[in-house]
Every structure is written in structure tokens, then in C-alpha cells.
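Heads up, the thing below is written out as C-alpha cells.
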Amino acid sequence: MLTTNRSKNLYQEVILDHNKSPRNYREIENFTHFAKGHNPLCGDKLDVYLLVDDAQTVQDVSFVGDGCAISKASASIMTTIVKGKSIEEAKALFTGFHDMATGKAEPSDDPKLRRLQVFAGVRDLPARVKCATLAWHTLDAALKDKDEVSTE
Numbered sequence: 664m665l666t667t668n669r670s671k672n673l674y675q676e677v678i679l680d681h682n683k684s685p686r687n688y689r690e691i692e693n694f695t696h697f698a699k700g701h702n703p704l705c706g707d708k709l710d711v712y713l714l715v716d717d718a719q720t721v722q723d724v725s726f727v728g729d730g731c732a733i734s735k736a737s738a739s740i741m742t743t744i745v746k747g748k749s750i751e752e753a754k755a756l757f758t759g760f761h762d763m764a765t766g767k768a769e770p771s772d773d774p775k776l777r778r779l780q781v782f783a784g785v786r787d788l789p790a791r792v793k794c795a796t797l798a799w800h801t802l803d804a805a806l807k808d809k810d811e812v813s814t815e
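When you number the sequence shown by our numbering, it's gap-free, plus one each residue, and the end is 815.
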């Protein structure tokens with residue numbers, strides 16, 4: 664868990680960087696999967712776009728929307744991690760991230776989840792868990808061909 668000052672500083676730096684300069688913040692014109700996500704608690708709204716090829720690999724992923732720094736940073740990092748992964752790998756990343764963010768699992772040394780550990784501290788801030796997981800729930804909905812998802 665994020666208990667050291669160094670970990671907290673890293674958390675703040677990563678969140679601020681991805682909020683200020685979100686990666687893959689754009690619409691994909693020829694998307695194959697899409698979903699809208701909404702967190703009614705704080706008003707965050709995200710659209711997630713995916714381009715999945717015939718081999719079931721995520722060739723491109725992006726998002727657009729408005730939200731708090733945690734929500735936007737989580738979406739930004741998610742897009743960089745999911746790109747190039749199979750649908751099954753993307754679903755496993757969703758589960759691993761969700762379990763870590765909600766406190767169902769401790770942060771692990773799994774290299775696939777290492778970059779996501781900056782969000783482990785949200786488990787101690789229940790109102791922020793939904794901010795951190797919104798993009799991931801929206802990704803999961805898109806992969807399941809559901810048009811919309813809410814964190815409520």
C-alpha cells in the first residue's frame with residue numbers, strides 16, 4: 664500500500680502527469696467496441712473506444728470525457744497498458760486492477776500490474792475508488808458489447 668512519502672509523491676506525480684497530458688485522449692473513427700461510463704457520485708463521464716482485430720487483439724484504445732484527475736489519469740494509464748493485449752489479457756487486467764483498487768487484493772509484483780500500483784492508495788479513500796475504476800468498468804462494458812455503464 665502507499666504508505667511511504669516516496670510512494671505518495673510518485674502517486675501524485677503520475678496522477679498529475681496523466682491528468683495534464685492524458686495519453687490516447689481522442690476518438691477512434693473506425694472503432695469496433697465502444698461504451699459510455701458515468702460516475703454519478705462526482706459527475707465523471709468517459710467514452711472508451713477500442714479497435715480490436717480478427718485475432719482478438721486490442722490494436723488501438725482511446726478515451727474522451729470529463730472527470731477528476733484520478734479518473735482521467737486512470738483512463739490514460741489504462742489505454743497505454745491495454746493497447747496490444749488480447750481481449751482476455753485486457754479482462755484479466757481489469758480484474759487485477761479492480762481487486763487492488765477496492766482492497767480485495769494486495770498490490771502484487773505482477774509486472775503486468777506494476778504500473779497500476781500508483782492507484783493502490785485509493786482503497787483507503789472509498790469515494791475515490793469509483794473515480795479510479797470508472798475507465799476500467801467502461802473498458803469492461805465495451806468488451807462485453809454493453810453501451811453504457813455506471814459506477815452506481
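Idealized CB from N, CA, C, for every residue including glycine.
Quick one: what's got a C-beta closer than 8 Å to residue i's C-beta in the same chain, skipping five residues either side?
i      : result
Glu690 : Asp710, Tyr712, Ser725, Val727
Met763 : Glu769, Pro770, Ser771, Leu776, Leu779, Gln780, Phe782, Ala783, Arg786
Asp808 : His696
Leu802 : Ala698, Val711, Leu713, Val724, Met741, Val745, Ala753, Phe757
Thr796 : Ser737, Phe760, His761, Ala764, Thr765, Thr814
Verify the CB distance criterion: does residue i have a CB-CB separation below 7 Å to chain D?
i      : result
Thr720 : Absent from the structure is chain D; it holds one protein chain and no more.
Counting C-beta neighbours from all protein chains within 10 Å, is the total for residue i 16 or more, i.e. buried, or is it exposed?
i      : result
Ala718 : exposed
Lys793 : buried
Gly747 : exposed
Ala804 : buried
Pro685 : buried
Asn672 : exposed
Leu679 : exposed
Please return the same chain residues whose Cβ sits closer than 6 Å to the Cβ of residue i, not counting the five positions on each side in sequence.
i      : result
Glu811 : Lys699
Thr743 : Arg686
Asn702 : Lys793, Leu797, Thr814
The ligand MN and residue i: does the residue's C-beta get closer than 6 Å to at least one heavy atom of that ligand?
i      : result
Gln719 : The model depicted lacks the ligand MN and carries no ligand whatsoever.
What separation, rounded to the nearest whole angstrom, lies between the Cα atoms of residue i and residue j?
i      : j      : result
Leu665 : Glu752 : For Leu665, the pLDDT reaches just 44, beneath the cut-off of 50, and the residue's location in the model is therefore unreliable, although a value from the coordinates is still provided. If I take the Cα positions, the gap works out to 26 Å.
Arg791 : Thr720 : 30 Å
Val715 : Gln722 : 6 Å
Ala798 : Asp773 : 21 Å
Pro789 : Asp707 : 16 Å
Between which two residues does the alpha helix (DSSP H) carrying residue i extend?
i      : result
Lys699 : First-last for Lys699: 696-702, but that is the beta strand (DSSP E), not the alpha helix (DSSP H).
Gly759 : 750-765
Mind checking which residues open and close the beta strand (DSSP E) that includes residue i?
i      : result
Val792 : Taken as a continuous stretch (DSSP letters only), Val792 belongs to no beta strand (DSSP E), being part of the alpha helix (DSSP H) at 789-806.
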